[in-house]
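K.L.:
Read in order, the letters of the sequence shown correspond to residues 1 to 449 in the working numbering.
The beta carbon of each residue, even a glycine, is placed where N, CA and C say it ideally should be.
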Amino acid sequence: MRAFLKYIRIGIAILGGALFSSNTSGGELSFPNVDLTPVGAEMAGNADGSIPRWIGGDDNRKEFGPKLIKEKPLFTINKTNIEDYRTQLPNGLSGLVDHYPTTMTIPVYKSYRPVYLYPWIYEAIEKNSKSAKLTDGGDSITDTYSGIPFPLAKTGYEVLWNHILAYRGVSVDVGSSEVVVHENRRARVVKNRVKYAIEYYNKDRKKSGLDQMYAYYLSSVTYPPKLSGGGLLVHERVNPSRIPRQAWGYMAGQRRVIRIPSVDYDAPMPRSGGIRFADEIDIYNGSIDRYSWRLVGKKELIVPYNNELLYDEIKKDDVLSDKLYQQYHPDPQYLRYEKHRVWVVEGTLKEGASHPYKKRVLYMDEDTWLVVVAENYNKKNALWRVSASYVRLYHELPTAFKVVDVFHDLVEKSYFAQSIDPKREITTLSVMPAKQTFKPSALRRMGRR
Numbered sequence: 001m002r003a004f005l006k007y008i009r010i011g012i013a014i015l016g017g018a019l020f021s022s023n024t025s026g027g028e029l030s031f032p033n034v035d036l037t038p039v040g041a042e043m044a045g046n047a048d049g050s051i052p053r054w055i056g057g058d059d060n061r062k063e064f065g066p067k068l069i070k071e072k073p074l075f076t077i078n079k080t081n082i083e084d085y086r087t088q089l090p091n092g093l094s095g096l097v098d099h100y101p102t103t104m105t106i107p108v109y110k111s112y113r114p115v116y117l118y119p120w121i122y123e124a125i126e127k128n129s130k131s132a133k134l135t136d137g138g139d140s141i142t143d144t145y146s147g148i149p150f151p152l153a154k155t156g157y158e159v160l161w162n163h164i165l166a167y168r169g170v171s172v173d174v175g176s177s178e179v180v181v182h183e184n185r186r187a188r189v190v191k192n193r194v195k196y197a198i199e200y201y202n203k204d205r206k207k208s209g210l211d212q213m214y215a216y217y218l219s220s221v222t223y224p225p226k227l228s229g230g231g232l233l234v235h236e237r238v239n240p241s242r243i244p245r246q247a248w249g250y251m252a253g254q255r256r257v258i259r260i261p262s263v264d265y266d267a268p269m270p271r272s273g274g275i276r277f278a279d280e281i282d283i284y285n286g287s288i289d290r291y292s293w294r295l296v297g298k299k300e301l302i303v304p305y306n307n308e309l310l311y312d313e314i315k316k317d318d319v320l321s322d323k324l325y326q327q328y329h330p331d332p333q334y335l336r337y338e339k340h341r342v343w344v345v346e347g348t349l350k351e352g353a354s355h356p357y358k359k360r361v362l363y364m365d366e367d368t369w370l371v372v373v374a375e376n377y378n379k380k381n382a383l384w385r386v387s388a389s390y391v392r393l394y395h396e397l398p399t400a401f402k403v404v405d406v407f408h409d410l411v412e413k414s415y416f417a418q419s420i421d422p423k424r425e426i427t428t429l430s431v432m433p434a435k436q437t438f439k440p441s442a443l444r445r446m447g448r449r
């Protein structure tokens, strides 16, 4: 473990600053001299010990998951004590307790920081700290290698780009499930097989230009039978506001592939029951140019993390049952929350731009740069929707990634959940697959299997 940690501290001398104090220039941060991890997180724990020192590494491969499953919460936040913890929660999570006071609770566990990445990604991050550049007023990015672009992020745009380009694997084949639950408990379930390959994390690629390919995504419905075989293919550039994403759909009943004109911004996602927009996949994705992004700062907050128990429950219990997906939210007894340092970024809709969300607030974990909680506000600045990503450490990737992403509509009192299917083994490669894997003809082949 010591040798591993010594190696992955590449660049800590370069990434020599922590990120708490905000200066007066309007959304930029200054850097006291403390040690950072290779992704730009603070190496040390916090003052009272509720956030531990970073331990990222794979020595705990066998023991870590089972250990977490057996743990009990330190305490539980509910309607009776919410005021004691409101300042330690994202507004969206406290809002869930306010909206569902008789059922929503937040079990808080001991915190761990186990996330680690491939060493070659750490090397790329060090190079990015010297080369990555924003253009188009922050809406586009260039001159990056295969890693987080801004380990020393100073602005809201840089923090958001770190989430968009966070490591989620190179080439992955996985099962997923989508569940819509309405207030009257009518649940609709769709299961898929998903393949994606992230060209941005092709470790052999050269420094990016403005036309850099980001990823290829291919999915095919496996359940219910009436939808089985239908599929979606997406080709995505790193800068979709410059070069829009391309998308194709396969209509199983008609046995034909069609071009889909728009899968971005506020395009509705049909299988989400109208709860999730296209730019909410992975909580936030795609073009960022309709909003102005302001860095609020860095905070110590209670957020979803290390959800081993949830992963284990989905693995044991079929998603078709209503044991996990209850009336207003997933059963809290299977959810895990911990205190972590998170970046907070606020997006305000630009004048003349169109989107149902007037304001968005995103909370990004310092060790992964992934958004773990998002708040979406309507035209009257009222909290409308809350999203939460219940992540865990996947050694096979290796990184933290979703077990379930949950999208709550507080007005309709309904939610949409998209989960990894642990029953289907996750297949991963550290190299890019053949390009014909993600051609439009692959939609038809995948749908016929």
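When we look at the beta-carbon of Val459 and count the other beta-carbons within 10 Å, is it buried (16 or more) or exposed?
P.N.:
The structure shown does not extend to residue 459, since the chain is modelled only from 1 to 449, so the question has no answer here.
K.L.:
Use the C-beta contact count for Ser171: other C-beta atoms within 10 angstroms, 16 or more gives buried, fewer gives exposed.
P.N.:
Within the sequence shown, residue 171 is the residue found at index 171, counting from 1. Around the Cβ of Ser171, a 10 Å sphere holds 16 or more other Cβ atoms; the residue is buried.
K.L.:
Inspect the beta-carbon positions of Tyr415 and Val406 and report whether they are closer than 7 Å.
P.N.:
By one-based count along the sequence shown, residue 415 stands at place 415. By one-based count along the sequence shown, residue 406 stands at place 406. Contact flag set, yes.
K.L.:
Determine the closest residue to Lys316 out of Arg259, Asp421, Pro440, Ser262, with distance taken between C-alpha atoms.
P.N.:
Numbered from 1 along the sequence shown, position 316 holds the residue referred to as residue 316. The shortest C-alpha separation from Lys316 is found at Asp421.
K.L.:
Going by other Cβ atoms of all chains shown within 10 Å of its Cβ, with 16 needed for buried, is Asp409 buried or exposed?
P.N.:
Translated into positions along the sequence shown, residue 409 becomes position 409. Here Asp409 is buried: its Cβ has 16 or more other Cβ atoms, across all protein chains shown, within 10 Å.
K.L.:
Is the Cβ-Cβ distance between Ala278 and Val296 less than 7 Å?
P.N.:
Start at 1 with the first residue of the sequence shown, and residue 278 comes out as number 278. Start at 1 with the first residue of the sequence shown, and residue 296 comes out as number 296. Not a contact, by the Cβ cut-off of 7 Å.
K.L.:
Once you ignore the five residues that flank Gln327 on each side, which residues in its own chain have a CB closer than 8 Å to its CB?
P.N.:
Counted from its first residue, the sequence shown places residue 327 at position 327. Cβ within range, chain order: Thr103, Val181, Glu183, Arg185.
K.L.:
Which residues bound the beta strand (DSSP E) around Asn192?
P.N.:
Against the sequence shown, residue 192 aligns to sequence position 192. Note, Asn192: beta strand (DSSP E), 187–198.
K.L.:
Look at the alpha carbon of Thr24 and the alpha carbon of Glu158, and state the distance between them as a whole number of angstroms.
P.N.:
One-based indexing of the sequence shown puts residue 24 at position 24. One-based indexing of the sequence shown puts residue 158 at position 158. Residue confidence for Thr24 is low, a pLDDT of 28 falling below 50, so the modelled location carries little weight and cannot support an answer.
K.L.:
Please name the residue or residues paired with Val172 in a DSSP beta bridge.
P.N.:
Numbered from 1 along the sequence shown, position 172 holds the residue referred to as residue 172. Paired residue(s): Tyr196, Thr428.
K.L.:
Taking the straight line between their C-alpha atoms, what separation do you get for Pro268 and Trp369?
P.N.:
Taking the first residue of the sequence shown as position 1, residue 268 is located at position 268. Taking the first residue of the sequence shown as position 1, residue 369 is located at position 369. When rounded, the distance between both Cα atoms is 26 Å.
K.L.:
Val238 and Gln212: beta carbons closer than 7 Å?
P.N.:
Walking along the sequence shown from the start, residue 238 turns up at place 238. Walking along the sequence shown from the start, residue 212 turns up at place 212. Cβ atoms of Val238 and Gln212: closer than 7 Å.
K.L.:
When you compare each of Ser419, Asn81, Ser208 to Asn307 by their alpha carbons, which one comes out closest?
P.N.:
Within the sequence shown, residue 307 is the residue found at index 307, counting from 1. Closest by alpha carbon: Ser419.
K.L.:
Give the range of the alpha helix (DSSP H) segment to which Phe64 is assigned.
P.N.:
Residue 64 sits at position 64 when you count from the first residue of the sequence shown. For Phe64, the uninterrupted alpha helix (DSSP H) segment begins and ends at 64–70.
K.L.:
Under 8 Å by Cβ, that's how I've got Ile283 and Ser177 pegged, so tell me the actual separation to the nearest angstrom.
P.N.:
Walking along the sequence shown from the start, residue 283 turns up at place 283. Walking along the sequence shown from the start, residue 177 turns up at place 177. 17 Å between Cβ atoms; not a contact.
K.L.:
Give, in chain order, every unbroken run of the beta strand (DSSP E) that is at least 3 residues long and sits entirely within the segment 136–166.
P.N.:
140–142
K.L.:
Can you list, in chain order, the residues of its chain with a C-beta nearer than 7 Å to that of Ala132? Leave out the 5 residues immediately preceding and following it.
P.N.:
Here residue 132 refers to the residue found at position 132 of the sequence shown. Excluding sequence neighbours, Ala132 sits near Ile141, Asp143, Thr144, Pro149, Phe150.
K.L.:
Just list the residues that DSSP pairs His235 with in beta bridges.
P.N.:
For this step, residue 235 is matched to residue 235 along the sequence shown. Looking at the DSSP assignment, His235 forms a beta bridge with Tyr216, Gln246.
K.L.:
Check for me: the alpha helix (DSSP H) holding Leu324 runs from which residue to which?
P.N.:
Within the sequence shown, the letter at position 324 stands for residue 324. Unbroken run through Leu324: none, as it is neither H nor E.
K.L.:
Just list the residues that DSSP pairs Lys298 with in beta bridges.
P.N.:
Within the sequence shown, the letter at position 298 stands for residue 298. DSSP lists Trp343 as partners of Lys298.
K.L.:
Output the distance between the C-alpha atoms of Lys127 and Lys195, rounded to the nearest integer angstrom.
P.N.:
Taking the first residue of the sequence shown as position 1, residue 127 is located at position 127. Taking the first residue of the sequence shown as position 1, residue 195 is located at position 195. The straight-line gap from Cα to Cα measures roughly 29 Å.
K.L.:
Only counting the same chain, and skipping five residues up and downstream in sequence, which positions put a Cβ closer than 6 Å to that of Gly249?
P.N.:
Against the sequence shown, residue 249 aligns to sequence position 249. Taken in chain order, the residues that qualify are Leu232, Ile258, Ile260.
K.L.:
In terms of alpha-carbon separation, which member of Asn162, Val391, Ser354, Val371 lies closest to Leu362?
P.N.:
Counted from its first residue, the sequence shown places residue 362 at position 362. It is Val371.
K.L.:
Sort Ser50, Gly229, Ala44, Tyr116 by Cα distance to Ala442 and report the nearest one.
P.N.:
Here residue 442 is taken as the residue at index 442 of the sequence shown, counted from 1. Closest option to Ala442, Cα to Cα, is Gly229.
K.L.:
For Val97, name the three-state secondary structure that DSSP assigns.
P.N.:
By one-based count along the sequence shown, residue 97 stands at place 97. Reduced to three states, the DSSP call for Val97 is helix.
K.L.:
With a threshold of 16 other CB atoms inside 10 Å of the CB of Phe438, please say whether the residue is buried or exposed.
P.N.:
In the sequence shown, residue 438 corresponds to position 438, counting from 1. In summary, Phe438 is buried, with 16 or more beta-carbon neighbours lying within 10 Å of its beta-carbon over all protein chains present.
K.L.:
When burial is assigned at 16 or more other CB atoms within 10 Å of the CB, is His340 buried or exposed?
P.N.:
If you number the sequence shown from 1, residue 340 lands on position 340. When all chains shown are included, His340 counts as buried.
K.L.:
Check the DSSP bridge columns for Ala400 and list the partner residues they point to.
P.N.:
In the sequence shown, residue 400 corresponds to position 400, counting from 1. Looking at the DSSP assignment, Ala400 forms a beta bridge with Leu393.
K.L.:
Could you tell me the alpha carbon to alpha carbon distance between Ala417 and Leu160, rounded to whole angstroms?
P.N.:
Along the sequence shown, read from residue 1 onward, the residue named residue 417 stands at position 417. Along the sequence shown, read from residue 1 onward, the residue named residue 160 stands at position 160. When rounded, the distance between both Cα atoms is 23 Å.
K.L.:
DSSP three-state label for Ser414, please.
P.N.:
Residue 414 sits at position 414 when you count from the first residue of the sequence shown. Three-state result, Ser414: strand.
K.L.:
In whole angstroms, what separates the C-alpha of Arg336 from that of Pro304?
P.N.:
Translated into positions along the sequence shown, residue 336 becomes position 336. Translated into positions along the sequence shown, residue 304 becomes position 304. Answer to the nearest angstrom: the Cα atoms are 6 Å apart.
K.L.:
To the nearest angstrom, report how far apart Tyr200 and Ala215 are at their CA atoms.
P.N.:
Translated into the one-based positions of the sequence shown, residue 200 becomes position 200. Translated into the one-based positions of the sequence shown, residue 215 becomes position 215. About 7 Å.
K.L.:
Note the first and the last residue of the continuous beta strand (DSSP E) segment covering Ala353.
P.N.:
One-based indexing of the sequence shown puts residue 353 at position 353. Premise fails: Ala353 is in no beta strand (DSSP E) and is neither H nor E.
K.L.:
At the level of alpha carbons, what is the spacing between Arg385 and Thr348?
P.N.:
For the purposes of this step, residue 385 is taken as residue 385 along the sequence shown, with counting starting at 1. For the purposes of this step, residue 348 is taken as residue 348 along the sequence shown, with counting starting at 1. Roughly 15 Å between the two C-alpha positions.
K.L.:
Are Asp367 and Ala44 touching if we call contact CB-CB under 7 Å?
P.N.:
If you number the sequence shown from 1, residue 367 lands on position 367. If you number the sequence shown from 1, residue 44 lands on position 44. No. Outside cutoff.
K.L.:
Is it the case that the Cβ atoms of Met446 and His163 are separated by a distance below 7 Å?
P.N.:
As a working mapping, residue 446 is identified with position 446 in the sequence shown. As a working mapping, residue 163 is identified with position 163 in the sequence shown. No. Outside cutoff.
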